[in-house]
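Numbered by the UniProt record's numbering, the letters in the sequence shown go through residues 1 to 845 in order.
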Amino acid sequence: MSFLSSTAFEAISLVWMELAMFAVAAVVYVAVVGLPQVGPKKRAKKPGYEDSASNEAEETYKKWQQVKKGKAELSGATGLYLVLTSMRQLKKSPSEIESELRSGLDAAKHLLPDLEALPATLLRDDAVDLLPPVLQVLQDVGKRAEVTVYASLMAAQLRRRDFAGVNLTASKLPEDVLTPKMHAILATTAAHRQKLDDALRYLQLLPSDAGRILTPSAAAQIMSLAQREQRAPEILEELLRIGVQPQEKTDSNAELQRAVTTIKAYVKNKDLPSATATFNRLKKNGVVMRPQVYNCFLDACVQCNDIEASLLLFEEMKQLGFVDVVSYNTLLKGYLAAGRMTDARDLVQQMSSRGLSANKVTYNELLNAKVAARDRVGMWRIVEEMLSAGLKANLITCSILLKSLTQHSAESDLARVLKLINSVEEPIDEVLFSSIIEACIRIKKLETLSDFIEHYKTKGLFKNISAPVYGAMIKAFGEAGHLHQVRELWAQLQRHNVKPTAITIGCVVEALVINKQGEEAWQLVQDQLQYPDRKSMINTVVYSTVLKGFAVSKRIDKVLAVYKEMRNNGIACNTITYNTMLDACAKCGCMEKASMLLEDMRETSIDPDIITYSTIIKGYCLAGDVERAFSVLEEMKRDGHFTPDEIMYNSILDGCTKQRNVSEALRVLEEMKASGIKPSNYTLSILVKLLGNARRLGQAMQMVEDLSEQHGLKPNIQVYTCLIHACFQNRRFERALGVYETMIKEGCHADEKFYAVLARGCVQLHQPLKAVEVIKAAYRLQSSLPHGPRVVGVEGLEEILLKISKDEPAAADALRSELGGRGVGKSWHGPKVMGGPSRQRRRDA
Numbered sequence: 001m002s003f004l005s006s007t008a009f010e011a012i013s014l015v016w017m018e019l020a021m022f023a024v025a026a027v028v029y030v031a032v033v034g035l036p037q038v039g040p041k042k043r044a045k046k047p048g049y050e051d052s053a054s055n056e057a058e059e060t061y062k063k064w065q066q067v068k069k070g071k072a073e074l075s076g077a078t079g080l081y082l083v084l085t086s087m088r089q090l091k092k093s094p095s096e097i098e099s100e101l102r103s104g105l106d107a108a109k110h111l112l113p114d115l116e117a118l119p120a121t122l123l124r125d126d127a128v129d130l131l132p133p134v135l136q137v138l139q140d141v142g143k144r145a146e147v148t149v150y151a152s153l154m155a156a157q158l159r160r161r162d163f164a165g166v167n168l169t170a171s172k173l174p175e176d177v178l179t180p181k182m183h184a185i186l187a188t189t190a191a192h193r194q195k196l197d198d199a200l201r202y203l204q205l206l207p208s209d210a211g212r213i214l215t216p217s218a219a220a221q222i223m224s225l226a227q228r229e230q231r232a233p234e235i236l237e238e239l240l241r242i243g244v245q246p247q248e249k250t251d252s253n254a255e256l257q258r259a260v261t262t263i264k265a266y267v268k269n270k271d272l273p274s275a276t277a278t279f280n281r282l283k284k285n286g287v288v289m290r291p292q293v294y295n296c297f298l299d300a301c302v303q304c305n306d307i308e309a310s311l312l313l314f315e316e317m318k319q320l321g322f323v324d325v326v327s328y329n330t331l332l333k334g335y336l337a338a339g340r341m342t343d344a345r346d347l348v349q350q351m352s353s354r355g356l357s358a359n360k361v362t363y364n365e366l367l368n369a370k371v372a373a374r375d376r377v378g379m380w381r382i383v384e385e386m387l388s389a390g391l392k393a394n395l396i397t398c399s400i401l402l403k404s405l406t407q408h409s410a411e412s413d414l415a416r417v418l419k420l421i422n423s424v425e426e427p428i429d430e431v432l433f434s435s436i437i438e439a440c441i442r443i444k445k446l447e448t449l450s451d452f453i454e455h456y457k458t459k460g461l462f463k464n465i466s467a468p469v470y471g472a473m474i475k476a477f478g479e480a481g482h483l484h485q486v487r488e489l490w491a492q493l494q495r496h497n498v499k500p501t502a503i504t505i506g507c508v509v510e511a512l513v514i515n516k517q518g519e520e521a522w523q524l525v526q527d528q529l530q531y532p533d534r535k536s537m538i539n540t541v542v543y544s545t546v547l548k549g550f551a552v553s554k555r556i557d558k559v560l561a562v563y564k565e566m567r568n569n570g571i572a573c574n575t576i577t578y579n580t581m582l583d584a585c586a587k588c589g590c591m592e593k594a595s596m597l598l599e600d601m602r603e604t605s606i607d608p609d610i611i612t613y614s615t616i617i618k619g620y621c622l623a624g625d626v627e628r629a630f631s632v633l634e635e636m637k638r639d640g641h642f643t644p645d646e647i648m649y650n651s652i653l654d655g656c657t658k659q660r661n662v663s664e665a666l667r668v669l670e671e672m673k674a675s676g677i678k679p680s681n682y683t684l685s686i687l688v689k690l691l692g693n694a695r696r697l698g699q700a701m702q703m704v705e706d707l708s709e710q711h712g713l714k715p716n717i718q719v720y721t722c723l724i725h726a727c728f729q730n731r732r733f734e735r736a737l738g739v740y741e742t743m744i745k746e747g748c749h750a751d752e753k754f755y756a757v758l759a760r761g762c763v764q765l766h767q768p769l770k771a772v773e774v775i776k777a778a779y780r781l782q783s784s785l786p787h788g789p790r791v792v793g794v795e796g797l798e799e800i801l802l803k804i805s806k807d808e809p810a811a812a813d814a815l816r817s818e819l820g821g822r823g824v825g826k827s828w829h830g831p832k833v834m835g836g837p838s839r840q841r842r843r844d845a
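Structural data, given as structure tokens:
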């Protein structure tokens, strides 16, 4: 025996002797005193921590339901990611999550770009269990994720020993797109499932230089199975062909490594009992244990939320001298997950007292907890402590801080985060780059995003930005009206040879259309048709967006030209497409074109919906062909698929008003009420205009009173404006003032247009001084008339003042002077339009 061996043997003998003496002493102690309390004393759980996570998950899930109803919005892929994690926290099954995503996508098509960007985020955060439902929904809508996403998912499933999941994921892809890495994963999976023929088949698909792809442990697993089935030479030949030299010898290192891998796999499935059994079996087999194995099992206890088991193991590790910074950080994560912030702080102090310095992982764990708790002050305090300890922020620190930013964040927060990002020693990777972009879009700081893009444009990072991220940026800048950025981003995408998706192209087209660049949007679509690999991306949705742009600008010639191009290119039209074109026909007074479109709908078996009928009826009414509108309404009622709604009846009433057909309008009103459709203020406005034009002021007044009482309506400013106008049409000056006083008494707020109608009416009925009082009331000056709670103003003020000047110049000059004292009308040259916001509100109403 060598000197070293002899010395080692003696040392081990001494250790065993001391352990034996310790054991005897322990037995005597237990016999006399009894067993001590094991583990640390349980602390009372602090109020507020217990249900905070589940409450947040429920709130996020409730918001998701509102999103599906169109009553709320999500903040991009990050918002959708939070929805998925909340569903997981609420114990939703994968099939339920898949169903939720489908229903969400059906209700809100604009979520598709965010869903496309989601797989990368899930992989980044190792939320692999949420990937399959996302990938399935994407595949079902024809948006299959990149092959690399499937490869990463398969690798993660293999690590979790989810062998059925590996095969299921692979089955979602055609054989010819499977990569060598995927074949290696499938070969390893087959070996674990004792399927040697399958393992051999996948090995044979690997290229000759694929040795680095197949791990040594996987090769050993396959070789071990081959030896059991007495087919070792056959398998060995294939392994050697791809450059793998299997190692048949195993030692304690290999056993420890296998145990660590097994424990991690069980933890992924939250199977702590099996992980515990593996750990205990390793100790029982007499393998020399190492801190790495204990840290792995400690992490398992923390990941499975067993804080008591974690504390017991931590105490054991202290006795063995195995505790290191990794151990403290792991237990810290457990305390933070359980909401035990005081214990977490105490642990960091204890760590320092043992001579172990907190590292970046420590501070990042604390920081993440503060961000999750939305503790802004505490969050920045952690950052300051970290920097004071001489530690610089890293990419993870910055990613955590970016997650904290919302629309309600202070201006200084974004600046501080960006300053930290600039101080990071590591090069910014594409994940952090994408996170910065998402954060700027989420908090609507597009100017900051523009500066950021300009700063990093020449640093090569844009080469790695995915098409969905480009799409999100283009969409955000388009909605903000930043056309130059939309064009620049599209040009960058082209320069860096990033292949756009149909969604990306759709985002560009929509950004141009909403900024009234319909011609440019159409040209872009035509340009994409020249690329063979993009032609299939120009779909119904993209063309419908172009149509919408020309419809809004009333370019019926362009609408029909785009429609013709769609048909020539074999792009199918749907109901939305036809409704868009029919609306253009209605607004442009081209209902003869509408007949042609309806015929095309029938030929292609596209069924009209309620919007189709409503649009046609509105179009005929606008064209003055009320009889034709009635005919369409009756046809729809006979068909039985749809019931007339308020919009349809209001369109017909409006048509009757244009024809001054009072009797027909009143008949339609009765039919409307008989159908159970409640008239609205818009209905009242139409009827008041109709009866006012027909010189039936009394009937108009009574109509407002009766319908308001019968249907619980409170007349709005539009109704009162129509009533005032009707009074002046019928030369009932005093009645108009009575309506005004009633309106003020009822608490209905006047607007600039109302005061303009009232003042002009006074002038027309030769009451210029009363018009002066009206204007004073509008600006809350001293007046004989009552006024509302705020200054409103008068639309077309100078024009009215000029008319007053003809009869009462002194009164007009005095009013100008008084208004000037309030800062109204600094320059009185030429007619002015004062106000305008109410005009916009009325247009929107």
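All C-beta atoms in this analysis are idealised placements derived from N, C-alpha and C, irrespective of residue type, glycine included.
Please report how far the alpha carbon of residue i lies from the alpha carbon of residue j, in whole angstroms.
i	j	result
H183	A190	10 Å
L214	T261	16 Å
E308	G334	10 Å
L801	A812	6 Å
P468	P119	11 Å
L84	L101	9 Å
E798	L781	17 Å
L312	S217	32 Å
E98	E430	28 Å
V361	V348	12 Å
I804	H766	9 Å
R159	K172	20 Å
E438	K745	50 Å
K457	D343	45 Å
V38	F314	Caution applies to V38, whose pLDDT of 38 falls short of 50 and renders its modelled position unreliable; the value that the coordinates give is listed next. Computed Cα separation, rounded: 12 Å.
K593	L105	33 Å
E96	D140	16 Å
P180	A199	13 Å
R487	R495	12 Å
R228	R374	57 Å
C621	L690	14 Å
A750	F452	46 Å
L684	G478	38 Å
G211	L405	45 Å
L449	I441	8 Å
For residue i, which residues of its own chain have a beta-carbon under 7 Å away from its beta-carbon, when the five flanking residues on both sides are left out?
i	result
Y470	L489, L493, V498, T504
R822	Y779
M154	V166, T169, A170, M182, I185
Q66	A72
P40	With a pLDDT of 41 at P40, under the threshold of 50, the modelled position of that residue is not reliable, and the figure given next carries that caveat. The residues are L311.
T188	L158, A218, Q221
Going by beta carbon distance, what residues of the same chain come within less than 6 Å of residue i, once the five residues before and after it are set aside?
i	result
residue 847	Examination of residue 847 is not possible in this model, given that the chain is present from 1 through 845 alone.
K548	T580
A57	S86, Q89, L90
Report all residues from its chain with a CB closer than 8 Å to the CB of residue i; omit the five preceding and five following residues, and keep chain order.
i	result
G730	Residue identity check: residue 730 is Asn in the sequence provided, not Gly. Excluding residues within five positions, the ones whose Cβ falls inside 8 Å are G692, R695, L697.
A25	Bear in mind that the predicted position of A25 carries a pLDDT of just 42, short of 50, making it unreliable; the figure below should be weighed with that in mind. Hits under 8 Å: none found.
Y61	V83, S86, M87, L90
Any Cβ of chain C within less than 8 Å of the Cβ of residue i?
i	result
I437	Absence of chain C from the displayed structure is noted, only one protein chain being present.
Closer than 8 Å is the cut-off here; do at least three beta carbon pairs connect the stretch 499 to 508 with the stretch 532 to 539?
yes
Counting only runs of 4+ residues fully inside the stretch 566 to 638, write out the alpha helix (DSSP H) ranges in chain order.
575 to 588, 591 to 603, 610 to 622
Measuring CB atoms only, is the stretch 764 to 771 touching the stretch 790 to 797, in the sense that at least three cross pairs come out at less than 8 Å?
no
Can you list, in chain order, the stretches of the alpha helix (DSSP H) that have 4 or more residues and sit fully within the UniProt repeat "PPR" (716 to 750)?
717 to 729, 733 to 745
What residue ranges within the stretch 206 to 230 form continuous alpha helix (DSSP H) runs of no fewer than 4 residues, ordered along the chain?
216 to 228
Quick check for students: name the residue ranges of the alpha helix (DSSP H) that lie wholly in the stretch 314 to 349, counting only runs of 4 or more.
325 to 337
The stretch 600 to 607 / the stretch 619 to 635 touching (three or more Cβ pairs under 8 Å):
no
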